[in-house]
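>
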Amino acid sequence: MFAYIIRRMLATIPVMGVVAIFVFSLLYLSPGDPAVIIAGDTATLDDIARIREKLGLDQPFYIQFGTWVWNLLHGDLGISIFTNLPVMTLIKQRIEPTVALTICTLLVTIPIAIPLGVIAAWKAGTWIDRVVMVFAVAGFSIPGFVLAYILIFTFSIGLDLLPVQGYTSIKDGFGAFASHMVLPSITLGLFYAALVARITRASMLDVLSQDYVRTAQAKGLSNREVLIGHALKNAAVPIATIIGIGVALLISGVVITETVFAIPGIGRLVVDAILRRDYPIIQGVILMFSAWYVLVNLAVDISYTLFDPRIRY
Amino acid sequence: MTIAPAELGAAPAFSIPQRGKLHDIFRRHPTAMAGAILLSLLILMAVFAPWLGTVDPQALAPIRRLRPPSSTYWFGTDMLGRDVYSRVIYGSRVSLIIGISVALFSAAVGITLGLLTGFVRLADAILMRIMDGLMSIPSVLLAIALMALTRASMGNVIFAITVAEVPRVTRLVRGVVLTLREQPFVEAAIVQGTFIAASAMITEAALSFIGAGTPPNIPSWGNIMAEGRSLFQVAYYIILFPGICLSLAVLSINLIGDGLRDALDPRLARRM
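Protein chains in written order, with my numbering: chain G, 1361 to 1673; chain F, -10 to 261.
1) Any beta carbon from chain F within less than 7 Å of F1495 (chain G)'s own beta carbon?
2) Let me see if you follow: with CB-CB separation under 7 Å, is P1374 (chain G) close to chain F or not?
3) By DSSP, does W1482 (chain G) sit in helix, in strand, or in coil?
4) Could you tell me whether any Cβ in chain F is nearer than 7 Å to the Cβ of I1642 (chain G)?
5) Taking a cut of 9 Å between CB atoms, which residues from the segment 107 to 129 of chain F lie near chain G?
6) By the DSSP assignment, the alpha helix (DSSP H) with F1551 (chain G) in it spans what residues?
7) Could you give the C-beta distance for F1515 (chain G) and L1521 (chain G), rounded to a whole number, given that I count them as a contact under 8 Å?
8) Could you give the residue range of the alpha helix (DSSP H) that holds R1367 (chain G)?
9) Can you check whether the C-beta of S29 (chain F) is within less than 7 Å of a C-beta belonging to chain G?
10) Does the beta carbon of Y79 (chain F) sit closer than 7 Å to a beta carbon anywhere in chain G?
11) Check D72 (chain F) in the structure and name its three-state DSSP category.
12) Select from G:D1436, G:A1473, G:G1485 the residue whose C-alpha is nearest the C-alpha of G1549 (chain G).
13) State yes or no: is the beta carbon of L138 (chain F) nearer than 7 Å to at least one beta carbon in chain G?
14) Considering only C-alpha positions, which residue in the set F:F198, F:V162, F:L167, F:T168 is nearest to G182 (chain F)?
15) For Q7 (chain F), which residues of its own chain have a beta-carbon under 7 Å away from its beta-carbon, when the five flanking residues on both sides are left out?
16) In the DSSP assignment, the alpha helix (DSSP H) including N243 (chain F) goes from what residue to what residue?
17) Measuring alpha carbon to alpha carbon, tell me which of F:S236, F:L240, F:N212 ends up nearest I227 (chain F).
18) Using a beta-carbon distance cut-off of less than 8 Å, what residues from the segment 1522 to 1534 of chain G approach chain F?
19) State the start and end residues of the unbroken alpha helix (DSSP H) segment that holds F1621 (chain G).
20) If I'm right that S95 (chain F) touches E154 (chain F) with Cβ under 8 Å, what's the distance once you round it to whole angstroms?
21) In chain F, which residues lie less than 7 Å from S1390 (chain G) when you measure between Cβ atoms?
22) Going straight from the alpha carbon of M1376 (chain G) to that of L1609 (chain G), what length do you get?
23) Can you tell me whether H1590 (chain G) is buried or exposed? The criterion is at least 16 other CB atoms within 10 Å of its CB, across all chains shown.
24) Here's a check: name, in chain order, each residue in its chain whose Cβ is nearer than 8 Å to the Cβ of M124 (chain F), leaving out the five neighbours to either side.
25) State the Cα-Cα distance for the pair V146 (chain F) and A132 (chain F), rounded to the nearest angstrom.
26) Is the shortest distance between the beta-carbon of V1597 (chain G) and the beta-carbons of chain F less than 7 Å?
27) From the DSSP output, read off the bridge partner residues of I1439 (chain G).
28) Since V223 (chain F) meets chain G, which of its residues come closer than 7 Å, beta carbon to beta carbon?
29) Give the interface partners of S1650 (chain G) over in chain F, defined as CB-CB distance under 7 Å, in chain order.
30) Where DSSP assigns a beta bridge to T203 (chain F), which residues make up the other side?
31) What is the DSSP secondary structure of T1458 (chain G), reduced to helix, strand or coil?
32) Less than 7 Å separating the beta-carbons of V1447 (chain G) and P1640 (chain G)?
33) Is it right to say A1622 (chain G) is buried, meaning 16 or more other beta carbons lie within 10 angstroms of its own, or is it exposed?
34) Please confirm whether A201 (chain F) has its beta-carbon closer than 7 Å to some beta-carbon of chain G.
35) Name the residues in the segment 234 to 246 of chain F whose C-beta lies less than 7 Å from a C-beta of chain G; which are they?
36) With a cut-off of 7 Å, does the C-beta of F15 (chain F) fall near any C-beta of chain G?
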C-alpha cells in the first residue's frame, strides 16, 4: 500500500511538468515583448535592453524555462506586469474570499446533494426520483452567471433580503459574512450539487441491486440501517471521487461567480489580469489551480485505500 | 425486449433499423423528445433570424436607449439603443455554431488521439501525460489563457474551447478501447460530443461575459449579458432574456444527450 501511495505521488510530477511547460509557453508565446510593457511608454531602447537582460529574456528558451522552474520551486511566481508586485503576494491577498466561498459552497451543497441522491435511488422510478433528476438536469443546464442574476433579481432586488454584491470577511462579523455568501454559494453550488446527487443516485442504484443488500433487508434491518449502514458505505468510493473532483471543479466556477458578485478573490484577480494581459498573474493562477486539482485527485486516490479495504495495490 | 408487436404497430413507417432506433429513443424518453423539439425551434430561430420581426442587431439609436420591454421592443433596448430582441435572436447563431463546431472538432481529434493512445504504447505514454496535464487545468481557465494569447475571433474561441475539451474525449475513447477493443467507441464519443456542445455553449458565453470571448461587435448571448452587467440593477432585461435563451439551449441539448446515452451506451448510462 505504501508503495502504491509513493508511486501515486510520483505520478503527479509529469502532470505538473506538462502544466509548467504549457504555462511557461503562454508567456513565451504571448504577443508583445514583456520588456517593452514593463519599461513603459517613456523607455529608451537601452532601458528595454537592460530590462530584457535583467529578466533573462535574451536567453534561449530552455534556459529561461529552467530559471523559471527554479524560481517556481522557491515560491517565486514572478512579478505582475501591471502592479509590479510579486504574483505570490497578490495571490495571498486574494485567497481568503475564494477559500471562504469554496467552503461555504461545500457546506451548502453536500448535506443536500447526498441525501437527495440516496432518496432518489431508494425511490427509483417514483415521482420523487423524477423531481431529483429534473433538478439535476436543471443544475447542469443553467449557467452560473445566469443563475446568479436570477437569484440577485429575486432575493436582493425584488425581496430585498440579501446584499446585491460584495464581500465581508468573516473577521468583520459572521452575519455580514454569511449574508454576502448565501447567493454566491448557491450559484457556485447548483452545478456541483446536481453532479453529486446524480452520482450518488447512480452508485446507490448499483449497490442496492447487490445480494448483500437483500440479505440485510431479509434479516430485518430497517430501511435506514440498510441505506446508510450497508448501501451508502459501499457506494462511498464513486461519491468520494466526485466530491474530490468537484472540489477542484468548483475552483473553475469561482472565476465567473466572483465576477458577478464582485468578490475580491482569485477569480477576480485572473479576470482583471486577462483584461490587462498581465500574463504572470494568469500563469500563477493556472499553476495554483492545477496544483490544487492534482493534489485533490491524489488525496482522493489515496483515500480509496482507507475507504475501501477491498482495493488492494 | 419483447415489445416488438406494439412497436411495429405504432411505427410502421420506421422500418429502417437506424431510424427505428432513433424513433425508439424519443418514444421511450419523452424528455429527449422535448429537448429535440426545443433544439429544433432554436435552430429555426437561428436560420430564420432576419424574418422574425428583427431589425439590424447592430443598429444604434441613442435616442431610445434603455427602453424597458414593450410591444415595440419586446425585450427592451440596451444602452446604445440596440434592440435586445433582435440581438438575442441573432445571438442564437453564435451559440449554435460554436456548440456544434466544438463538438465536431473535439470528437474528431479526441477519437483520433484516443485510438492512437489505445493502440500504440509509445503514443499512450506521451499523449496521456499531456492530456492529464491539460485536464488538470480548469477548462474555463485553459480557454481563457488561450484567448489571452490570441485576438478575439470566433475561430479562436472555437479553438480554445476545443483544446480544453479534447482531453476528456481522448480519455473516454481510450478507456473504451482498452477495456474491450470492440466496444462502440464512436457511440460513446457521440454521446460525449452532445454534452460537449452544451458545455461549449456555456464556456463561450462565460468567456464573452468576462470579456475574453467572441469579439464584442458580434451579438452573442454572452456579449449581450456582458454589456448588461454594469446596468443590471436598472435594466434587468438586457441580461435576463439572453440568459434564459442560453439556459434553454443548454437544457435542450442535455436532454437529448441523456436520451442518447440511455439508448446508445446503457453501461455508461447506468453509471451516471
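A virtual CB, placed ideally from N, CA and C, is assigned to each residue, including glycine.
Computed from a predicted structure; not experimentally measured.
The relevant details are as follows:
1) In the first sequence, counting from the first residue as 1, residue 1495 (chain G) sits at position 135. Closer than 7 Å: no.
2) Walking along the first sequence from the start, residue 1374 (chain G) turns up at place 14. The beta-carbon of P1374 (chain G) is placed less than 7 Å from the nearest beta-carbon of chain F.
3) Translated into the one-based positions of the first sequence, residue 1482 (chain G) becomes position 122. Note: W1482 (chain G) maps to helix in three-state DSSP.
4) Here residue 1642 (chain G) is taken as the residue at index 282 of the first sequence, counted from 1. Residue contact check for I1642 (chain G) against chain F: a CB pair falls below 7 Å.
5) Listed by position along the chain: R118, I119, M120, D121, G122, L123, M124, S125, I126, P127, S128, V129.
6) Counting from one through the first sequence, the residue named residue 1551 (chain G) turns up at place 191. For F1551 (chain G), the enclosing alpha helix (DSSP H) covers residues 1534 to 1568.
7) Indexing the first sequence from 1 puts residue 1515 (chain G) at position 155. Indexing the first sequence from 1 puts residue 1521 (chain G) at position 161. Contact between F1515 (chain G) and L1521 (chain G) is confirmed by a C-beta separation of about 5 Å, below the 8 Å threshold.
8) The residue labelled residue 1367 (chain G) in the question sits at position 7 within the first sequence. Unbroken alpha helix (DSSP H) run through R1367 (chain G): 1362 to 1370.
9) In the second sequence, residue 29 (chain F) corresponds to position 40, counting from 1. No, its Cβ sits nowhere closer than 7 Å to a Cβ of chain G.
10) Locating residue 79 (chain F) in the second sequence gives position 90, where the first residue counts as 1. Chain G places no beta carbon closer than 7 Å to that of Y79 (chain F), leaving this residue out of the contacts.
11) Numbered from its first residue, the second sequence carries residue 72 (chain F) at position 83. Of the three classes helix, strand and coil, the one that applies to D72 (chain F) here is strand, per DSSP.
12) Within the first sequence, residue 1549 (chain G) is the residue found at index 189, counting from 1. Among G:D1436, G:A1473, G:G1485, the Cα nearest to that of G1549 (chain G) belongs to G:A1473.
13) By one-based count along the second sequence, residue 138 (chain F) stands at place 149. Yes - at least one Cβ of chain G is within 7 Å of the one on L138 (chain F).
14) Reading the second sequence from its first residue, position 193 is the one you call residue 182 (chain F). Here the closest residue by C-alpha is F:V162.
15) Locating residue 7 (chain F) in the second sequence gives position 18, counting from the first residue. With a pLDDT of only 49 at Q7 (chain F), under 50, the local geometry of the prediction cannot be trusted, and the value read off the model is given with reservation. In its own chain, leaving out the 5 sequence neighbours on each side, no residue places its CB closer than 7 Å to the CB of Q7 (chain F).
16) Along the second sequence, read from residue 1 onward, the residue named residue 243 (chain F) stands at position 254. That run of the alpha helix (DSSP H) goes 225 to 253.
17) The residue labelled residue 227 (chain F) in the question sits at position 238 within the second sequence. Per the C-alpha coordinates, the member of F:S236, F:L240, F:N212 positioned closest to I227 (chain F) is F:N212.
18) Hits within the stretch, in order: V1524.
19) In the first sequence, the residue the question calls residue 1621 (chain G) occupies position 261. Counting along the chain, F1621 (chain G) sits inside the alpha helix (DSSP H) bounded by residues 1596 to 1621.
20) To locate residue 95 (chain F), count along the second sequence from 1; it is residue 106. To locate residue 154 (chain F), count along the second sequence from 1; it is residue 165. With a Cβ gap of about 4 Å, S95 (chain F) and E154 (chain F) count as contacting.
21) Working through the first sequence from its first residue, we reach residue 1390 (chain G) at position 30. Ordered by position in chain F, the residues that pass the 7 Å Cβ test against S1390 (chain G) are L138.
22) Your numbering for residue 1376 (chain G) matches position 16 in the first sequence. Your numbering for residue 1609 (chain G) matches position 249 in the first sequence. Cα-Cα distance, rounded: 17 Å.
23) Here residue 1590 (chain G) refers to the residue found at position 230 of the first sequence. H1590 (chain G) should be labelled buried.
24) The residue given as residue 124 (chain F) occupies position 135 in the second sequence. Cβ neighbours of M124 (chain F) beyond the five flanking positions: P156, R157, R160.
25) Here residue 146 (chain F) is taken as the residue at index 157 of the second sequence, counted from 1. Here residue 132 (chain F) is taken as the residue at index 143 of the second sequence, counted from 1. Answer to the nearest angstrom: the Cα atoms are 8 Å apart.
26) On the first sequence, position 237 is the one that residue 1597 (chain G) refers to. Not an interface residue.
27) Stepping through the first sequence from its first residue, residue 1439 (chain G) is reached at position 79. DSSP output for I1439 (chain G) lists G:P1446 as bridge partner(s).
28) Walking along the second sequence from the start, residue 223 (chain F) turns up at place 234. What V223 (chain F) touches in chain G: nothing, since even the nearest Cβ is about 10 Å away.
29) As a first step, residue 1650 (chain G) is located in the first sequence; it is residue number 290 there, counting from the start. Within chain F, the residues whose beta carbon sits less than 7 Å from that of S1650 (chain G) are S125, I126, listed in sequence order.
30) Taking the first residue of the second sequence as position 1, residue 203 (chain F) is located at position 214. T203 (chain F) is not bridged to any residue.
31) Taking the first residue of the first sequence as position 1, residue 1458 (chain G) is located at position 98. T1458 (chain G): helix per DSSP, three-state reduction.
32) By 1-based counting over the first sequence, the position of residue 1447 (chain G) is 87. By 1-based counting over the first sequence, the position of residue 1640 (chain G) is 280. Yes; because the gap between Cβ atoms is below 7 Å, this pair is in contact.
33) The residue given as residue 1622 (chain G) occupies position 262 in the first sequence. With fewer than 16 other Cβ atoms inside 10 Å of its own Cβ, A1622 (chain G) counts as exposed.
34) Here residue 201 (chain F) refers to the residue found at position 212 of the second sequence. Chain G contact via Cβ: present.
35) The segment 234 to 246 of chain F vs chain G, Cβ under 7 Å: L235, S236, V239, L240, N243, L244.
36) Within the second sequence, the letter at position 26 stands for residue 15 (chain F). So no, F15 (chain F) is outside the interface.
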